[in-house]
Amino acid sequence: MSNTALRLPSPVEAQQAQEALRLLSSVKQRGPRSLQVAKNKNENVAVTVPKEAFDLFLEILGHLANGTAVSIVPVHAELTTQQAADMLNVSRPFLVKLLESGAIPHRKVGAHRRVLMADIMAYKQGDDDKRKAVLDELAAEAQHHDLGY
16 MSNTALRLPS PVEAQQAQEA LRLLSSVKQR GPRSLQVAKN KNENVAVTVP KEAFDLFLEI
76 LGHLANGTAV SIVPVHAELT TQQAADMLNV SRPFLVKLLE SGAIPHRKVG AHRRVLMADI
136 MAYKQGDDDK RKAVLDELAA EAQHHDLGY
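The sequence shown lines up with residues 16 to 164 when you count with our numbering.
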């Protein structure tokens with residue numbers, strides 16, 4: 016993960032992010048994203064931004080506009096057990112049980128466990144898929160019994 020300390024955006028920064036998000040969201044609907052960036056007072060530079068990067072930028076602006084701190088972690092990054100637990104929104108001891116059961120791959124560096132961000136994302140996706148399947152099943156059961164869902 017980044018060594019930059021996380022900090023919440025100031026109210027002014029949140030307002031700026033909200034305005035930027037409002038303006039850029041209208042651009043999102045229009046195909047390729049070629050933006051003009053002010054290099055200095057008299058010179059603009061055209062920059063073509065890949066769709067994935069543009070969408071990520073909008074997502075970051077959305078979080079900042081809501082006053083939430085943002086951290087970007089590359090998928091190849093190795094996380095500590097605490098960082099991995101935070102990503103999954105679980106306790107560190109629960110994560111360690113997942114690691115020891117083999118549910119999530121990890122490696123040991125001395126006495127410390129390290130987990131790849133990609134493995135955390137894969138586990139989270141699988142867990143989300145299972146949760147959605149159970150919810151769909153419950154909703155179907157509720158409809159079958161006319162419970163109004």
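Every residue gets a Cβ at the ideal spot worked out from N, C-alpha and C, and that includes glycine.
Quick caveat: nothing in here was measured; it's all calculated off a predicted structure.
The residue from 87, 54 and 23 with its alpha-carbon nearest to that of residue 80 is 23. For residue 63, the three-state secondary structure derived from DSSP is strand. Beta-bridge analysis with DSSP links residue 118 to no other residue. Of the candidates 99, 140 and 56, 99 places its Cα closest to the Cα of residue 131. Where residue 91 is concerned, there is no enclosing alpha helix (DSSP H), because DSSP gives it neither an H nor an E. Distance from the Cα of residue 77 is smallest, within the candidate group 153, 91, 37 and 96, for 37. Of the other Cβ atoms in all chains shown, fewer than 16 fall within 10 Å of the Cβ of residue 91; this residue is therefore exposed.
Taking each of 151, 154, 94 and 28 in turn and checking the Cα distance to residue 128, the smallest one comes out for 94. Residue 150 counts as exposed, since fewer than 16 other C-beta atoms from the protein chains shown sit within 10 angstroms of its C-beta.
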